[in-house]
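Residue numbers (the working numbering), protein chains in the order written: chain G, 1 to 373; chain C, 374 to 746.
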DNA sequence: ATATGTAAGTAACCTTTCCTGACAAATGTG
DNA sequence: CACATTTGTCAGGAAAGGTTACTTACATAT
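Given below as structure tokens:
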């Protein structure tokens with residue numbers, strides 16, 4: 001906690017306010033941060049010199065006293081490179097503005113690539129994106145499946161064949177840019193928290209794709225877990241043997257790739273859901289999805305209660321998730337938690353589009369380089 | 374983030390090391406904290422002046438160089454007053470050393486006392502304890518049932534009739550001592566984390582008494598939740614209608630005081646457990662407890678997976694909890710979570726005795742006054 | 001039109017804090 | 001016995017933010 005750390009912290013506070021609340025005067029920032037106008041002035045002049053903020057002229061509204069000169073974050077002055085490795089076939093990358101909007105897209109095949117070859121392909125894609133950016137690149141954010149430490153070391157990512165790979169450090173060295181790597185479900189949660197309609201009191205984002213992953217944000221920060229494996233909800237048992245007896249609404253517990261049976265993924269993944277509704281009449285399909293939703297609600301209830309989470313966000317194909325499934329899950333969640341929890345808990349679809357994963361990876365950079373979340 | 378804040382932080386780091394690792398030399402502390410020897414020397418001289426630490430003579434071990442003078446936390450120089458309000462009939466209070474050992478006990482009846490009268494009784498008990506302490510009192514810690522904000526404001530505590538009561542502020546003013554108030558399940562978690570055998574990577578403490586409450590510590594800090602209601606696991610549904618069909622191992626879901634049926638509390642609270650095993654042969658009692666344990670494991674699985682919690686700690690009557698119930702819960706927990714979780718998760722009884730709640734309340738003071746957790 | 005009050009932003013100075021470099025003291029080692 | 005090693009302290013300096021006082025610029029009351 002050197003003085004320069006305090007300075008960096010104050011700088012982050014200023015940037016955070018400019019990011020979330022838009023252009024402000026120095027005096028506004030001083031009031032909001034609790035610093036003095038003098039200190040804010042000094043910080044702003046540093047930020048002006050770095051080109052991160054710019055003066056936008058005087059405030060329009062007429063008030064008593066000297067009119068304020070607004071200072072705004074130059075979201076157009078820097079860009080962020082983000083890559084999403086959730087897909088097994090292709091890596092999707094983009095150049096984003098600080099505001100989260102995508103400016104350029106590139107993707108590359110990773111079909112069959114593992115180990116060092118996959119790293120090389122990723123490096124090449126990042127380089128291509130960095131070169132495609134007309135603006136200076138603030139940093140690179142990568143969202144990848146697997147267990148990843150806060151420092152960006154991939155503990156294990158089976159589908160890429162990565163084990164104990166210091167990916168962030170490797171890429172940082174290779175690209176000469178700050179690189180941040182995190183689990184894809186976690187980046188999705190960050191994206192929702194920062195760019196979505198989150199309330200700010202914490203949230204969980206459940207990503208339904210080939211499998212199920214979750215990211216949890218509490219007090220503005222990701223929950224990492226003791227062995228960096230937080231959010232691994234896909235392999236919690238959600239279907240019991242005994243659920244089978246009263247008419248088999250979900251069928252027998254299905255075997256799972258993990259070797260056990262009845263995991264949440266065996267009913268909630270996209271392939272499992274598609275199989276389940278395939279060829280069914282709409283009403284039957286709705287009932288089938290509702291059965292899965294109920295199971296999801298049962299799994300979520302203890303988590304929501306234990307953490308007093310105000311909202312759970314679903315990410316994945318709307319046609320499968322945003323209907324009977326979500327409604328049944330919310331009903332089960334409300335039914336199975338005490339009123340103080342169930343009365344306020346939300347279960348909604350993500351407010352971001354399919355670029356949610358990318359903007360989440362961008363938040364890694366915003367957070368790492370500017371201290372903004 | 375004034376310079377003095379940084380100073381306070383460094384001071385906390387020094388105290389933290391002395392608290393957890395025992396006496397050290399100034400040079401040791403400098404290495405451990407990353408500060409320079411000069412800065413540590415300065416901090417230590419302040420702490421010496423405050424009487425919080427003392428010099429303990431030179432280190433015994435013979436090493437090359439000038440012998441180090443050890444500096445130790447004076448756990449005998451200050452005491453902490455702690456009060457546990459978990460019981461409906463009596464409040465239990467104690468004077469503790471910084472090491473967590475109890476020096477004096479006092480208790481007082483709160484039978485039927487609510488609102489201001491209960492506050493008065495609590496104030497009187499605190500005053501009595503403070504006067505009974507032969508040493509200066511560092512502060513007062515109170516663990517109470519109910520929903521309580523981090524600032525020590527009781528949002529609601531129905532059994533005391535407290536609603537939106539700024540208890541910590543009230544007591545601080547009344548006693549002239551720093552007072553910290555938190556939920557009793559949360560203080561129990563803090564106590565286990567600080568004084569117990571916790572691994573440090575986070576833990577959940579489940580307190581089984583008249584009801585069920587949980588406290589969760591992640592990254593060294595309590596999880597409070599969006600509306601300060603984190604840990605309210607007692608009213609998560611744990612017994613389903615459909616569990617009834619295959620031989621009724623738990624009986625029908627029982628009605629709960631909360632108005633719903635099948636809450637965890639209806640099977641896991643102490644009264645419920647006693648009723649369940651009453652008059653049964655030992656083998657049958659064990660089976661009955663195991664059934665409850667299995668239900669607990671099912672509720673815990675999603676929480677443990679979502680947070681990647683390394684351990685869950687049970688607190689309550691050993692004869693009921695530490696046997697078939699705990700074993701069945703652990704088995705269910707392991708059976709229903711993926712290997713990376715189930716392989717390492719622990720489910721054990723608390724390593725503290727019945728004073729766990731008190732020492733947890735003491736940690737509130739340690740943490741609030743010294744920054745030690 | 002003028003005076004007054006209010007607010008924004010800046011300059012000079014002070015305090016706090018901690019770092020760097022140098023040094024004395026005390027001990028083991030060759 | 002000379003020398004390296006370690007501990008702890010002293011002196012000087014750098015970084016940071018607060019305080020006070022000032023200028024600038026506007027709105028409003030007289």
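All C-beta atoms, glycine included, are put in the ideal place defined by N, C-alpha and C.
- In the DSSP assignment, no residue is bridged to residue 256 of chain G.
- Contacts between residue 589 of chain C and chain G, judged by CB atoms closer than 8 Å, involve 306, 307 in chain order.
- Of the candidates G:226, G:218, G:265, G:219, the residue whose Cα lies closest to the Cα of residue 236 of chain G is G:265.
- Only residues of its own chain outside the window of five on either side were considered, and among them 370, 371, 372 have a CB closer than 8 Å to the CB of residue 12 of chain G, listed in chain order.
- Residue range 282–307 is occupied by the alpha helix (DSSP H) that includes residue 291 of chain G.
- Straight through space, the alpha carbons of residue 664 of chain C and residue 603 of chain C are spaced by roughly 26 Å.
- A straight line joining the alpha-carbon of residue 393 of chain C with that of residue 687 of chain C spans about 24 Å.
- For residue 412 of chain C against residue 383 of chain C, the beta-carbon gap comes to about 7 Å, under 8 Å, which counts as contact.
- The beta-carbon of residue 268 of chain G is placed no less than 8 Å from the nearest beta-carbon of chain C.
- Boundaries cannot be given for residue 64 of chain G, as no alpha helix (DSSP H) includes it and DSSP labels it neither H nor E.
- Within the region 12–24 of chain G, no residue has a Cβ lying closer than 8 Å to any Cβ of chain C.
- One thing to note: residue 627 of chain C has its Cβ no nearer than 8 Å to the Cβ of residue 672 of chain C.
- For residue 159 of chain G, there is no enclosing alpha helix (DSSP H), as DSSP marks it with neither H nor E.
- Around the beta-carbon of residue 275 of chain G, fewer than 16 other beta-carbon atoms lie within 10 Å, marking it exposed.
- Note on the region 478–552 of chain C: whole beta strand (DSSP E) runs with a minimum of 3 residues are 510–517, 527–530, 535–538, in chain order.
- Exposed is the label assigned to residue 58 of chain G, since fewer than 16 other Cβ atoms lie within 10 Å of its Cβ.
- Residues of the region 329–341 of chain G with a C-beta atom less than 8 Å from some C-beta of chain C are 335, 336, 337, 338, 339, 340, 341, listed in chain order.
- The beta-carbon distance between residue 156 of chain G and residue 143 of chain G, rounded to whole angstroms, is 16 Å. This is too long to meet the 8 Å contact definition.
- The beta carbon of residue 33 of chain G sits closer than 8 Å to those of 10, 13, 14, 17, 40, all from its chain and outside the five residues before and after it, given in chain order.
- Scanning its chain for C-beta atoms nearer than 7 Å, with the 5 sequence neighbours on each side dropped, one finds around residue 201 of chain G the residues 310, in chain order.
- For residue 95 of chain G, DSSP records a beta bridge to G:81, G:104.
- Taking the C-beta atoms as reference points, residue 498 of chain C is found nearer than 8 Å to residue 481 of chain C.
- Residues of chain G whose Cβ lies closer than 9 Å to the Cβ of residue 676 of chain C are, in chain order, 302, 303, 305, 306, 307.
- Distance from residue 333 of chain G to residue 363 of chain G at the Cβ level is roughly 27 Å; contact not present, criterion being Cβ atoms closer than 8 Å.
- At the C-beta level, residue 588 of chain C and residue 734 of chain C stay beyond 8 Å of one another.
- Counting other Cβ atoms within 10 Å of its Cβ, residue 716 of chain C stays below 16 and is therefore classed as exposed.
- In the three-state scheme derived from DSSP, where H, G and I count as helix and E and B as strand, residue 462 of chain C is classed as coil.
- Distances from the CA of residue 198 of chain G to each of C:599, C:461, C:563 were compared; the closest alpha carbon is that of C:599.
- As the crow flies, the alpha-carbon of residue 444 of chain C is around 46 Å from that of residue 194 of chain G.
- Nearest CB-CB separation between residue 227 of chain G and chain C: below the 8 Å threshold.
- With respect to the C-alpha of residue 533 of chain C, the residue from C:400, C:442, C:491 having the closest C-alpha is C:491.
- Under a 10 Å Cβ-count criterion, residue 474 of chain C is classified as exposed, with fewer than 16 other Cβ atoms of the shown protein chains found around its own Cβ.
- Taking C-beta atoms under 8 Å as the contact rule, residue 323 of chain G and residue 180 of chain G fail to qualify, at a distance of about 35 Å.
- C-alpha of residue 654 of chain C to C-alpha of residue 646 of chain C: approximately 15 Å in a straight line.
- Residue 589 of chain C is bridged by DSSP to C:577.
- The beta carbon of residue 255 of chain G does not come within 8 Å of any beta carbon belonging to chain C, so the residue lies off that interface.
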